[in-house]
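Take any residue in the sequence shown, count from 1 to its spot, add 541: that is its number in our numbering. All C-beta atoms, glycine included, are put in the ideal place defined by N, C-alpha and C.
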Amino acid sequence: MKKVFYLCCLMFLSIKGIAQYTEDPNFDAVINDNFDVSPRYWDNSYSDSEYIWKAYFAATGITHGNSEHQVYQRSHAVFDTINDMMLLVADYVSDTDLGCDDVEVPTGIYCNISNNYSIRYFSGAIESIQKSFLYGYFEIRCKLPVHRGAFPAFWLWGGNNTTDPHYEEIDIFEYSWNITKPGYNHYSHGLGDTRCITAGMYYNTNGSYNNNSSIARILTRVSNNKPSMNQWNTFGCLWMPDKVIWYLNGEEFNSYYVRDSIPHHPLYLMANYAIDNFIMTIDENHDTTFYIYNDIMYIDYIKAYEPIWDCDNCVFIENQYQLDNYEHGIKRSVTISNNDSIPLLIDASDKKSIMASEYVLIEGPFHVNSRANFSIMIHNCSENNIQSSTN
């Protein structure tokens, strides 16, 4: 038994830190949008009737109270069907604060731009408003604006309903001068680091919308031999009941494994280009000056995958045919038991991942070709997807 457990650990460690979920048959692709379908447009409800994105608009205000200075407009979430991209465009549009009469708002929707906010910019944001997720893998390939005041992000959140007692959030990445230069306040003249991003998570502690705890927040600096954030990079995040793992260009850079402090309620997927307080400065007379930057967050694709839950089933594999035709999904347990002297084989062309909530047991001869794409992982199952715990 010790040899079996040691073998499983080796297989896990051999793939640790590499994101493979986009090709993992244990996950279903729910969003695989390369923004390459023409024509693409926003209809009158601010959602594309064929796809699940919704453009944000003035009724949602701004995402972080009075520390941001944009109002989202659907005209600034652009389907670039010539270059097959989504463009989130930020424009400085006014030397004075914008109000509801200055912005586009859908018919029948109340505009809630407050006079307490310094709104000078239009910008773009999209959300999977027709689809929420409970666990999965999420990935974006994008180029970020990295100048002073730019605050682009890709994240999962509990939605704009403040009556929901289960507001939670997972930041797949954020970029801002404020968060990439610790120790500088909002009004400093310090230089942001174009190779830094943050990833993190807010989980709900007591069912109160306004009482969230920050967990697993991390600042990471990309090494000098890799692209800065204004070049093409891929950001990914695996969110499961017992772990959250963050990836940059396929490599793990952050992880968290405390089940009780991980969000366990449905979240929506969001990409947005906000403008934070670093865009402005305050002089000795307390006068506010805005720096004028117009820029774009370029999105090549967004992908989202949901796990296939099969947690009631215990699977037994006893021959090569059963191994070759393994029906994927996160099982309760998987036992590979070979009584023959000929090893069961994972050959060089295989892409196979075995996942279970309790254990994977390998008994008897078993061989994995060194060029095979093979992994074994243990994932706790979602309570929402377990029919019985006694089967």
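Under the three-state reduction of DSSP, which class applies to serine 608: helix, strand or coil? Numbered from 1 along the sequence shown, position 67 holds the residue referred to as residue 608. In this structure, serine 608 counts as helix in the three-state DSSP scheme.
With which residues is methionine 627 paired in a DSSP beta bridge? Locating residue 627 in the sequence shown gives position 86, counting from the first residue. Bridge partners of methionine 627: Phe620 and Ile840.
Terminal residues of the continuous beta strand (DSSP E) containing tyrosine 788? Working through the sequence shown from its first residue, we reach residue 788 at position 247. Unbroken beta strand (DSSP E) run through tyrosine 788: 784-789.
Under a three-way DSSP split, which group does arginine 661 fall into? Locating residue 661 in the sequence shown gives position 120, where the first residue counts as 1. In the three-state reduction of the DSSP assignment, arginine 661 falls in the coil class.
Pick helix, strand or coil for glutamine 561, following the three-state DSSP scheme. By 1-based counting over the sequence shown, the position of residue 561 is 20. Coil, per DSSP.
DSSP three-state call for asparagine 921: helix, strand or coil? Your numbering for residue 921 matches position 380 in the sequence shown. Of the three classes helix, strand and coil, the one that applies to asparagine 921 here is coil, per DSSP.
Between which residues of its own chain and tyrosine 900 is the CB-CB distance below 6 Å, once the five residues before and five after are set aside? On the sequence shown, position 359 is the one that residue 900 refers to. Around tyrosine 900: Ser874.
Quick one: using the 10 Å Cβ neighbour count with 16 as the cut-off for buried, is glycine 791 buried or exposed? Translated into the one-based positions of the sequence shown, residue 791 becomes position 250. By the neighbour-count rule (16 or more Cβ atoms within 10 Å), glycine 791 is not buried but exposed.
Would the stretch 616-629 and the stretch 823-843 be scored as touching if the rule is three or more Cβ pairs under 8 Å? Between the stretch 616-629 and the stretch 823-843 there are three or more inter-stretch CB-CB distances shorter than 8 Å, so the stretches are counted as touching.
Reference aspartate 817; option with closest CA among Pro686, Ile572, Phe568 and Ala570: Position 276 of the sequence shown, counted from the start, is the residue given in the question as residue 817. Of the candidates Pro686, Ile572, Phe568 and Ala570, the one whose C-alpha sits nearest the C-alpha of aspartate 817 is Pro686.
With 16 as the cutoff for other CB atoms within 10 Å, does threonine 739 come out buried or exposed? On the sequence shown, residue 739 is found 198 positions in, with the first residue counted as 1. Taking a 10 Å sphere around the C-beta of threonine 739, we find 16 or more other C-beta atoms and assign the residue as buried.
Through-space distance from tyrosine 597 to isoleucine 654, alpha-carbon basis: Stepping through the sequence shown from its first residue, residue 654 is reached at position 113. Stepping through the sequence shown from its first residue, residue 597 is reached at position 56. Put simply, the backbone Cα of isoleucine 654 is about 13 Å away from that of tyrosine 597.
Report the rounded CA-to-CA distance for asparagine 766 versus arginine 736, giving the unit in angstroms. Indexing the sequence shown from 1 puts residue 766 at position 225. Indexing the sequence shown from 1 puts residue 736 at position 195. Cα to Cα, asparagine 766 sits roughly 10 Å from arginine 736.
Provide the residue(s) that pair with histidine 908 in DSSP beta bridges, ordered along the chain. Residue 908 sits at position 367 when you count from the first residue of the sequence shown. Histidine 908 is bridged by DSSP to Leu886.
How about isoleucine 877 and isoleucine 849: do their beta carbons lie closer than 7 Å? Against the sequence shown, residue 877 aligns to sequence position 336. Against the sequence shown, residue 849 aligns to sequence position 308. Isoleucine 849 is positioned such that its CB atom lies no closer than 7 Å to that of isoleucine 877.
Is alanine 713 near isoleucine 843, with beta carbons less than 7 Å apart? Your numbering for residue 713 matches position 172 in the sequence shown. Your numbering for residue 843 matches position 302 in the sequence shown. The sequence given here has isoleucine at residue 713, not alanine. Contact: no.
Mapping the DSSP letters down to three states, classify leucine 697 as helix, strand or coil. In the sequence shown, counting from the first residue as 1, residue 697 sits at position 156. If DSSP states are grouped into helix, strand and coil, leucine 697 belongs with the strands.
Leaving aside the five residues before and after methionine 896 along the sequence, list all residues of the same chain whose C-beta is less than 6 Å from its C-beta, in chain order. Position 355 of the sequence shown, counted from the start, is the residue given in the question as residue 896. Excluding positions up to five away in sequence, the list reads Asn567, Ile871, Met918 and His920.
If you measure between the beta carbons of glutamate 924 and aspartate 569, is that distance less than 7 Å? For the purposes of this step, residue 924 is taken as residue 383 along the sequence shown, with counting starting at 1. For the purposes of this step, residue 569 is taken as residue 28 along the sequence shown, with counting starting at 1. A distance of 7 Å or more separates the beta carbons of glutamate 924 and aspartate 569.
Can you give the Cα-Cα distance for tyrosine 716 and aspartate 734, rounded to whole angstroms? Along the sequence shown, one-based indexing puts residue 716 at 175. Along the sequence shown, one-based indexing puts residue 734 at 193. The alpha-carbon atoms of tyrosine 716 and aspartate 734 are separated by roughly 9 Å.
Enclosing beta strand (DSSP E) for tyrosine 678 [first to last residue]: Counted from its first residue, the sequence shown places residue 678 at position 137. In this chain, the beta strand (DSSP E) harbouring tyrosine 678 covers 677-684.
For tyrosine 797 and alanine 757, which I take to be in contact (beta-carbon distance under 8 Å), what is that distance rounded to the nearest angstrom? Here residue 797 is taken as the residue at index 256 of the sequence shown, counted from 1. Here residue 757 is taken as the residue at index 216 of the sequence shown, counted from 1. With a contact defined as Cβ atoms closer than 8 Å, tyrosine 797 and alanine 757 qualify at about 4 Å.
To the nearest angstrom, how far is it from the Cα of arginine 762 to the Cα of glutamate 709? Here residue 762 refers to the residue found at position 221 of the sequence shown. Here residue 709 refers to the residue found at position 168 of the sequence shown. Distance between the alpha carbons of arginine 762 and glutamate 709: 26 Å.
C-alpha gap between leucine 789 and glutamine 611, whole angstroms: Stepping through the sequence shown from its first residue, residue 789 is reached at position 248. Stepping through the sequence shown from its first residue, residue 611 is reached at position 70. Each residue's alpha carbon lies about 27 Å from the other.
Excluding five sequence neighbours on each side, which residues of the same chain lie with their C-beta closer than 8 Å to the C-beta of histidine 727? Residue 727 sits at position 186 when you count from the first residue of the sequence shown. Reliability of the predicted coordinates at histidine 727 is poor, the pLDDT of 39 falling under 50, and the value obtained from them is presented with this limitation in mind. Closer than 8 Å at Cβ, skipping near neighbours: Ser608, Asn719, Asp817, Asn818 and Phe819.
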